[in-house]
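These notes concern the structure reproduced below.
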Amino acid sequence: MTFKIHKTVGLTLLSGALLLGPTSCKDFLSEQAPSNLTPTNFYTIPDHAEAAIASVYADLRFVGGGNGIFSSNWQLLEAITGTSATETAQNSDLNNLYSLVYDGNTGHVVAWWNGLYRVIANANLVLDRVPSITPMDAAQKAKILGEARFLRAWAYFHAVRLWGDIPLITKPQTTQSEDFMPSRAPQEEVYNLIVADLLEAEKAGLAWMDVSGRVGQAAVKAQLAKVYLTMAGFPLSKGASHYKLAADKAFEVITYANANPNTINLFPTYLEVHRETLENRLEHLFELQYNVLVAGNPMDNFYPNFKPVTYSGPGGTGSTVPVPSFYQSFEAGDLRAKDQEGWFYTTYFTNGNGAKFDLGAPYVFKHFNQIANGSSGVAGTRNNNLNVPQIRYAEVLLMYAEAQNELGAPTQAAYDAYKRIRDRAKLTTPALGTFTQASFREAVWRERWWELCYEQITWYDMVRLRKVFNDKTKGFDNFVGHINPSSNQPLQEKHLLLPIPRQELLNNPNLKTQNPGYPQ
C-alpha cells in the first residue's frame, strides 16, 4: 500500500508516502476530510500513527533533494572529503564546497539544517501524540515510538556532527512555545539524547530486520555502535569507555549475524550492494527508501558527464566523480577498484545495453542501478527504484575491528572482522601477529576509506579522527593542514564544523555567534 498525507501541523508540514507499508491497507483518509485535520483530531486512531511515522521516514529523503543545477544535497558530505571532484563546475554552491570556501549562505548547508530539523519536528510530534491514541495495539504503538526515536536520533546525530552545539528540541513547538527561539545546547547534551533515544528504540520490540525498509533492531544497535565510536573520538574524547561500548554493541550485531547468516551478512559480490531486488536485506541494515511512484533514486550526479551509460543516451551530470589519486590508491587486485565489479566503472554499454565503450576515466558505480539503466544485452526498466544505503553490515564489522583494537591490541575477533572485508575484495591479509595496535588501527581506517567511500560517511570519519587518508602515501595526515586533492587547498580548524545557516542567525538571536572562522 502507498499513501500520501499533506497537512500543516503546528510549524511543520506532515507529508509522506509510505513505501514501507503499514499493517493495514485501510484508507484512513476516508475517516474525515484532510482539510479538517488539526493537531488535536489527527492523532486519534492507529492509522493516524502509521501515517505520521510514514511522514518522518519520507522526510529523510531531503538528503537526495536537488540543490540547483547539477547538484543534490548529499553532495555536501562528498565534495568536502577530497575523494571526489567535479566535471561540470556549473553550480556555484557546489564549487564553493569543493573549494572549501562555503559559508552560511551555501545552499547545501541550509538544506541540511532545514531537512534535519524537519525530521526532528515530525518525530517529536509522533512521540508526543501517539502515546495517547486509544484504543491501539500496545505492540504496534511501541514499534512506532521506537522507530520515531531512532529517526530523531538519526537526525540529531547528523546535526551535532555537522554544527557542534545546536538547538535541542524534544517537544512540538508553536509560536507560543517558551523555546520557540531556542539557544544552542552543548554537544554532550545532544549526544545524551541520541543515546537515550536509541536505547529506548532497542526496547521497542522491533524485528532484527524489516524487508519493508522500516527500522529494525540491527539498525538500532549498529547506530548505537556508531554513536559510541564517535563519542570515543573527537570532540568529546570519551576514549576507552566508549570504545568498549561501541565494540560490545557492534558485536551484538555480529553475534546475531553469525547465528543467522541468511538474515544478516555481507553480500557475496559488490554488484549485489546496488541490486534493486536485494534492498533492505542481508547487508543493508538501514536505507533511505526510493520508488519512482514517489521519488526516484537521487544519485544521478555520479553519472559520467554526457556519456551514454543509460537508456536516455548521452546524459548525466558528472558533478561528483572520483579523484584519480583516490581511485589509484586501492591495492592491486582489489575487486572494489575493478571495472564493473566493485565501486567504479571505466567502461560501459552504449545506452545501457549496447556496444561496450571506454569512459575515459573512472566513475562511481556504487549507486548505479543496472536494472533501471540496462546492462550488457539487457534493456533497463527506466524506473530507478534503488535505495540509498545508510548502514551496511560491512560498516559494523569495521566499527567492531576499530573499537576492539583501541582497547589494547588487535584480538582474533577484531582481526576476523577486518579480514572479512578484505576477503570479499580478494585481498591477502597479513597474519594477526604482524600487526601492532598502531598498524592495525591504520589498516582498519584504510578499509573504511575504501569500503565506505561515496556513502556520505568519510567526512564524519575525518572529523572524529582528526585524521585524513593521504591517497598518495597511504598513510594519514592530521586534519588541519591536509591538502584536499580535489581543490589543492588545506583543511583548516574551522572546517571541523559547518557554518550555521545565515538566515537562522538572523531569525533567532538566541543562536548568537556563528561557528568559528565563518562570517557572522
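Numbering (this note's numbering), first residue to last: 15 to 534. Cβ coordinates follow ideal geometry from the N, Cα and C atoms, glycine included. Please read all numbers here as calculations on a predicted model, not as lab measurements.
Classified as exposed, Ser390 has fewer than 16 neighbouring CB atoms from the shown chains inside 10 Å of its CB. Taking 8 Å as the upper bound for CB-CB distance, Val115 and Pro513 are not in contact here, some 11 Å apart. Under the three-pair Cβ rule at 8 Å, the stretch 253-265 counts as touching the stretch 236-244. DSSP, reduced to helix, strand and coil, places Arg438 within a helical segment of the structure shown. Take Ala439, set aside five residues on each side of it, and the residues of its chain with a beta-carbon closer than 7 Å to its own are Asp348, Leu349, Arg350, in chain order. Taking a C-beta distance under 8 Å as the contact criterion, Leu108 and Thr100 qualify as a contact pair. The alpha-carbon separation between Leu519 and Met195 amounts to approximately 11 Å. Residue environment for Pro424: buried (at least 16 other C-beta atoms within 10 angstroms of its C-beta). If you draw a 10 Å sphere on the C-beta of Asn276, you find fewer than 16 other C-beta atoms in it, and that means exposed.
Exclusion of the five residues before and after Pro200 leaves Asp179 as the residues of its chain whose Cβ lies within less than 7 Å of its Cβ. If you ignore the 5 residues before and after Lys433, its C-beta comes within less than 7 Å of the C-beta of Thr443, all in its own chain and listed in chain order. Per DSSP, the continuous beta strand (DSSP E) segment holding Gly374 begins and ends at 370-378.
Gln534 is bridged by DSSP to nothing; it lacks a bridge partner. Separation of His381 and Thr54 (C-alpha to C-alpha, rounded to the nearest whole angstrom) is 42 Å. Secondary structure of Gln237 (DSSP, three-state): helix. Closest option to Trp222, judged by alpha-carbon separation, among Phe281, Glu297, Ala457: Glu297.
At a Cβ-Cβ threshold of 8 Å, Leu511 and Val494 do not count as neighbours.
A contact is defined here as three or more CB-CB pairs under 8 Å, and the stretch 72-89 fails this definition with respect to the stretch 472-489. No residue range can be given for Gln89, since it is assigned to no alpha helix (DSSP H) and is classified by DSSP as neither H nor E. Cβ-Cβ distances below 7 Å link Phe490 to Glu456, Trp459, Lys481, Val482, Phe483, Asn484 in the same chain, with the five nearest sequence neighbours on each side left out; the list follows chain order.
Using a Cβ distance threshold of 8 Å, Leu207 and Tyr257 do not count as a contacting pair.
An exposed status is given to Ala452, since fewer than 16 other beta-carbon atoms sit within 10 Å of its beta-carbon. When the five nearest sequence neighbours on each side are left out, the beta carbons in the same chain lying within less than 8 Å of the beta carbon of Ser113 are those of Ser501, Gln503, in order along the chain. Under the three-state reduction of DSSP output, Arg406 falls in the strand class. Three or more beta-carbon pairs drawn from the stretch 273-293 and the stretch 214-233 are found closer than 8 Å, and the two stretches are therefore classed as touching. One thing to note: Asn110 has its Cβ within 8 Å of the Cβ of Thr120. With fewer than 16 other Cβ atoms inside 10 Å of its own Cβ, Val306 counts as exposed.
By the neighbour-count definition (other C-beta atoms within 10 Å, threshold 16), Leu182 is a buried residue. Excluding residues up to 5 positions away in sequence, Val70, Ala162, Leu165, Arg166 lie with their Cβ nearer than 6 Å to the Cβ of Ala137 in the same chain. Straight across, the Cα-Cα distance linking Trp168 with Val209 is about 10 Å.
In this structure, Arg198 is the residue among Gly96, Ile158, Tyr57, Arg198 with its C-alpha nearest to the C-alpha of Lys526.
For His172, the uninterrupted alpha helix (DSSP H) run begins and ends at 152-177, by DSSP. The beta carbon of Ala236 sits closer than 6 Å to the beta carbons of Val267, Leu299, Ile405, Val410 from its chain, once the five residues preceding and following it are set aside; these are given in chain order.
For Asp73, there is no enclosing beta strand (DSSP E); the residue is found in the alpha helix (DSSP H) stretching over 60-73. The continuous alpha helix (DSSP H) containing Phe265 extends over residues 254-273.
Secondary structure of Gln503 (DSSP, three-state): strand.
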